[in-house]
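In my numbering, the protein residues as written are 14 to 420.
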């Protein structure tokens with residue numbers, strides 16, 4: 014998978030120049046012209062490293078770069094080359110992480126390669142699929158929280174971002190400003206208590222007793238810390254208290270709880286093809302197109318009878334952007350449907366429904382192909398597909414929340 018690099022600069026020409034250097038080298042580049050957009054991308058959790066140009070941001074640019082570094086660990090700072098800028102940047106950053114304009118593309122690529130490689134090998138562990146503590150679970154990829162009884166507790170985007178920021182840094186005191194940055198908030202005045210209010214709301218949802226919190230602990234005069242150390246593990250690994258179930262599952266078809274995005278598609282406009290052979294040929298052509306597009310976006314097509322196609326995103330490989338991949342696949346199929354050869358009597362008019370959530374999935378048995386899955390998102394995707402207009406896409410609220418600022 015391509016490494017995703019954030020380029021923050023108010024200068025559009027500088028952003029474009031850096032993109033022209035990085036993209037041919039195999040990097041995926043996210044461009045941000047404002048601090049708000051940069052914080053949104055960092056909060057989304059899919060940035061491997063960042064390049065921050067301080068020239069147009071001002072002295073606060075170094076502070077912002079430090080905040081981003083606290084969140085993702087790897088930042089290169091680009092200054093205008095003046096001694097004053099270099100002096101400002103030298104304090105919070107190593108000289109090796111500070112570059113001067115005009116940028117040397119070769120040097121930029123070398124520094125970036127060293128930084129991302131060091132981050133992967135120096136103990137900066139990859140983001141786990143699941144964090145577990147005291148019987149509770151944080152589904153990092155699915156952005157969901159489950160209590161000790163296995164029930165999903167709805168969290169707002171800001172509440173989940175706050176929980177993840179604390180849980181990924183157990184025992185470390187995070188200031189209110191650091192937490193505000195983690196949830197994508199703007200810089201506030203010293204009397205702003207929005208983070209305290211957000212912590213209070215989160216405690217009501219995750220603490221056994223919010224009056225005597227044991228997970229999110231206040232450090233007077235400094236901020237908050239996560240007082241327990243979560244266990245990072247793959248989503249398929251059961252917690253210790255269910256080890257006996259895991260042993261039994263070795264003798265049974267393996268089932269997994271997965272956060273998935275389900276894409277349901279039904280093609281209309283084929284009523285004009287009265288000849289059964291023409292109808293079969295047209296449906297087969299659409300099935301082939303769906304399989305090609307869904308596979309390219311990392312999904313798995315499930316065979317379905319007639320003019321319906323089902324696809325799962327999130328199995329066998331879970332990705333943080335599975336919901337985005339499902340929507341992009343549907344958009345591409347809508348765009349390419351007029352070009353699919355289905356005969357001269359009809360026009361292809363597919364409609365799509367997409368739903369996301371927890372599914373139970375495993376290998377299908379018998380003659381069935383693809384994974385067998387069950388869960389509310391499957392039924393909801395079918396219902397949304399039925400409700401969609403021709404050449405339309407309908408998504409559920411969960412999918413919309415996962416997309417964030419990407420659509």
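Using N, Cα and C, we set each Cβ at its ideal position, and we do this for glycine too.
Residue burial is scored here from C-beta neighbours: residue 47 has fewer than 16 other C-beta atoms within 10 angstroms and is therefore classed as exposed. The shortest CA-to-CA distance from residue 196 to any of 312, 159, 55 and 274 is the one to 55. Linking residue 147 to residue 194 through their CA atoms gives a straight-line distance of about 27 Å. Taken in chain order, the complete alpha helix (DSSP H) segments of 4 residues or longer contained in the segment 305 to 354 are 335 to 349. Note that the C-beta distance between residue 66 and residue 128 is not below 9 Å. An exposed status is given to residue 37, since fewer than 16 other beta-carbon atoms sit within 10 Å of its beta-carbon. In this structure, residue 275 and residue 323 form a Cβ contact; the two beta carbons are roughly 7 Å apart against a cut-off of 8 Å. Residues of the same chain with a CB within less than 8 Å of the CB of residue 120, apart from the 5 flanking positions on each side, are 112 in chain order. Straight-line spacing of the CA atoms in residue 328 and residue 233 works out to 44 Å.
Within the same chain, Cβ atoms closer than 7 Å to the Cβ of residue 83 are found at 191, the five residues on either side in sequence being excluded.
If you draw a 10 Å sphere on the C-beta of residue 209, you find fewer than 16 other C-beta atoms in it, and that means exposed.
Straight through space, the alpha carbons of residue 334 and residue 416 are spaced by roughly 8 Å. Taken through DSSP and simplified to helix, strand or coil, residue 167 comes out as coil. A distance of 9 Å or more separates the beta carbons of residue 221 and residue 183. Relative to the Cα of residue 179, the nearest Cα in the group 362, 144 and 27 belongs to 144. C-alpha of residue 314 to C-alpha of residue 399: approximately 19 Å in a straight line. In this structure, residue 304 and residue 362 do not form a Cβ contact; the two beta carbons are roughly 19 Å apart against a cut-off of 8 Å. With a cutoff of 9 Å on beta-carbon distance, residue 239 and residue 185 are scored as near each other. When DSSP reads this structure, residue 226 sits in no beta bridge, so it has no partner. Annotation for residue 401: 364, 365, 366 and 407 place their beta carbon closer than 7 Å to its own, counting only its chain and skipping 5 residues before and after.
Where residue 236 is concerned, the enclosing beta strand (DSSP E) starts and stops at 236 to 239.
Apart from sequence neighbours up to five positions away, the residues of its chain that approach residue 124 with a beta-carbon distance below 8 Å are 89, 109, 110 and 112, ordered along the chain.
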